[in-house]
Amino acid sequence: MVVHLNAIGPVSLVIIGVVALLIFGPKKLPELGKALGSTLREFKKGTSGLIDDEDTKKTVIEHKDIDKDKENK
Numbered sequence: 030m031v032v033h034l035n036a037i038g039p040v041s042l043v044i045i046g047v048v049a050l051l052i053f054g055p056k057k058l059p060e061l062g063k064a065l066g067s068t069l070r071e072f073k074k075g076t077s078g079l080i081d082d083e084d085t086k087k088t089v090i091e092h093k094d095i096d097k098d099k100e101n102k
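Position one of the sequence shown corresponds to residue 30 (the working numbering), numbered consecutively onward.
Encoded structure:
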């Protein structure tokens, strides 16, 4: 199941904000926002490393295929 951020409208964001405010209170909400931001930042750093690894693996495999083609000729 894929959920696109475009599917969340402004009304939904307001409702989510009000519910979060009621649950956590106005003092805890900024702390939670900071924690969420740092978590997302770390996740992006981790996934960008994986993407770089995949690109490197793909490049190595392509070079191996080129070397095999050269040997076969």
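The beta carbon of each residue, even a glycine, is placed where N, CA and C say it ideally should be. Please read all numbers here as calculations on a predicted model, not as lab measurements.
- [ ] State the CB to CB distance for the pair L58 and A49, rounded to an integer number of angstroms; the pair is presumed to be in contact (CB under 8 Å).
- [x] Indexing the sequence shown from 1 puts residue 58 at position 29. Indexing the sequence shown from 1 puts residue 49 at position 20. Going by Cβ atoms, the distance from L58 to A49 rounds to 6 Å, so yes, they are a contact pair.
Task: Nonlocal neighbours in the same chain, by C-beta distance under 7 Å from L61, ignoring five residues either side - done: For the purposes of this step, residue 61 is taken as residue 32 along the sequence shown, with counting starting at 1. Around L61: F53.
Task: 4 or more residues per run - each alpha helix (DSSP H) lying fully within the stretch 38-83 - done: none
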